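Residues in the sequence shown are numbered consecutively from 7, following the working numbering.
See structure below.
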Amino acid sequence: MSSSSREDLLSPLNDAAEVLQEKFIDLLPWAIALIVTAIVLQALGPWLWRKAWYRDNTAARRVQGARKAIGDAFGLTVSRVRRDGSIRIAPGETAKWLRPGIEDELAHFLHTPIHLTVREGLVTVKSPVNLPASIQGRPRFSPLSGTLVIGVDTTTADRAEISIREKSGVVLAGKPGSGKTFALKAIKYALREKSFIRTFDGKRDDAESFKKTVRKVQHHMETRLSSGMDYWSMNEESRPKLLVLILDEVQTWFNPASRSKSDKEAAAERESLIRDLIQRGRSAGVLVILASQRITADIIPTGIRDLCGVKVVGRVTRPEDGELVLGMRPGEGDPDPMKANRGQFVVDDEERPLRMIQVYMPRA
Ligand SMILES: Nc1ncnc2c1ncn2[C@@H]1O[C@H](COP(=O)(O)OP(=O)(O)O)[C@@H](O)[C@H]1O
Ligand SMILES: [Mg+2]
7 MSSSSREDLL SPLNDAAEVL QEKFIDLLPW AIALIVTAIV LQALGPWLWR KAWYRDNTAA
67 RRVQGARKAI GDAFGLTVSR VRRDGSIRIA PGETAKWLRP GIEDELAHFL HTPIHLTVRE
127 GLVTVKSPVN LPASIQGRPR FSPLSGTLVI GVDTTTADRA EISIREKSGV VLAGKPGSGK
187 TFALKAIKYA LREKSFIRTF DGKRDDAESF KKTVRKVQHH METRLSSGMD YWSMNEESRP
247 KLLVLILDEV QTWFNPASRS KSDKEAAAER ESLIRDLIQR GRSAGVLVIL ASQRITADII
307 PTGIRDLCGV KVVGRVTRPE DGELVLGMRP GEGDPDPMKA NRGQFVVDDE ERPLRMIQVY
367 MPRA
């Protein structure tokens, strides 16, 4: 075979090889891009997935991503962080999650602020939220459970429930301008349909009409008590309205207007009337809400404070003021009333851990 005829025979093959080569060169960048994407996805996929799954809850995402490291460093077993940030506590590890300082240590370890709440076998991890200076919302009351919602939890931005079930007294204190009057308005709005409400302002209203109204409430309470009422165990249809007395600037009523004997007696009488309503009012569906700038023994008797099942304290300047209202010093990890902004209050309803709540501003 001559060399020319061999070339003729190979030329289609050469052409085909050239085409293939060109195709390969054309596709090469795509292939490389595909491989790089696959590698990147392989590395970033779980992270991207977690980011989408846990949304704004960076703390939950970081804990999920660092489960093993957390186990090694803290001896805490984290099998899975659910979408809401909750983790089932492994047997025998509750005390470890409750250990003072654990929150700060985890935050440092994971390089993100973190808020832990431990309840009924679950620990919930959340990123603290940045709340705007005012939040609009509609205060609500659920008569069946006896829970009031007048704002949101400042660490989670979730609706915050306050239980007034089986309670007859609420104390609310804080510096002037801390938002007490607005908070009272929110409570009044929430309760308006299911209650008969009378409001007094110590700075505005006169002592005589105050005494007359309190006596009337006392009379209703006695009628209810003598009928054997057990208000909170009655079903909703047969239950009469809650009798609510809202007393703003209440210090005026407990302190004598002057040093005269008659003024002192009048103040003592008002104090004993209020004490009686709180002491006996629970099963008659009576609720007294007392607000004042300060809750000290000379302004609001500690005896009355201790009868109140709900204690609420807004911004104060001295730690002992917070303690005077709550009746205890907030522990490690508890919210601090010295850090409360306008409209924010630390709440103890004897049913949940201490929380800080930001009260809704009324919708315009
Ligand atoms: N929940 C709130 N959110 C935002 N701002 C508030 C809130 N409550 C009160 N404020 C602001 O603080 C001011 C003082 O509130 P107010 O209830 O009169 O305080 P206090 O009765 O404790 O003296 C209000 O005029 C309002 O501008
Ligand atoms: Mg006020």
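For glycine and all other residues, C-beta sits at the position ideal for the given N, C-alpha and C.
It should be emphasised that the depicted structure is a prediction, and the values quoted were computed from it without experimental measurement.
- The shortest CA-to-CA distance from Ser233 to any of Glu277, Ala290, Ser244, Arg281 is the one to Ala290.
- Remark: three or more beta-carbon pairs, one from each stretch, lie closer than 8 Å, so the stretch 309-328 and the stretch 342-352 are flagged as touching.
- A contact between stretches requires three or more CB pairs, one per stretch, nearer than 8 Å, and the stretch 219-229 fails this requirement with the stretch 178-189.
- Taking a cut-off of 5 Å from the heavy atoms of ligand 1, the residues with a C-beta inside it are Ser140, Pro182, Gly183, Ser184, Gly185, Lys186, Thr187, Phe188, Arg348, Gly349, Val365, Met367.
- Counting along the chain, Met362 sits inside the beta strand (DSSP E) bounded by residues 361-365.
- In the structure shown, Lys218 falls within a helical segment according to DSSP collapsed to helix, strand and coil.
- Straight through space, the alpha carbons of Lys186 and Pro343 are spaced by roughly 13 Å.
- Taking C-beta atoms as the reference points, Pro106 and His121 fail to come closer than 8 Å.
- The beta strand (DSSP E) runs of length 3 or more contained entirely in the stretch 289-326 are, from start to end of the chain, 292-298, 316-319.
- Ranking Ser151, Ile156, Ala163 by CA distance to the CA of Glu357 puts Ser151 first.
- Counting of Cβ neighbours within 10 angstroms places Arg12 among the exposed residues, the total staying below 16.
- Between Ile363 and Val158, the C-beta spacing is below 8 Å.
- Assignment of Thr161 by DSSP, reduced to helix, strand and coil, places it in the coil class.
- The stretch 278-297 makes no contact with the stretch 142-151: fewer than 3 CB pairs, one atom from each, lie closer than 8 Å.
- One alpha carbon belongs to Ser239, the other to Arg369, and they sit about 34 Å apart.
- Taking every protein chain shown into account, the CB of Met227 has 16 or more other CB atoms within 10 angstroms, so this residue is buried.
- In this model, Val124 and Thr130 are separated by some 6 Å (Cα to Cα).
- Taken in chain order, the complete alpha helix (DSSP H) segments of 4 residues or longer contained in the stretch 129-209 are 186-197.
- For Leu137, same chain residues with a beta-carbon under 8 Å away, outside a window of 5 residues either side, are Val158, Thr160, Ala163, Gln364 in chain order.
- Not one heavy atom of ligand 2 falls within 7 Å of the beta-carbon of Asp62.
- Here DSSP, grouped into helix, strand and coil, assigns Ile93 to strand.
- In the structure shown, Asp212 adopts coil according to DSSP, grouped into three states.
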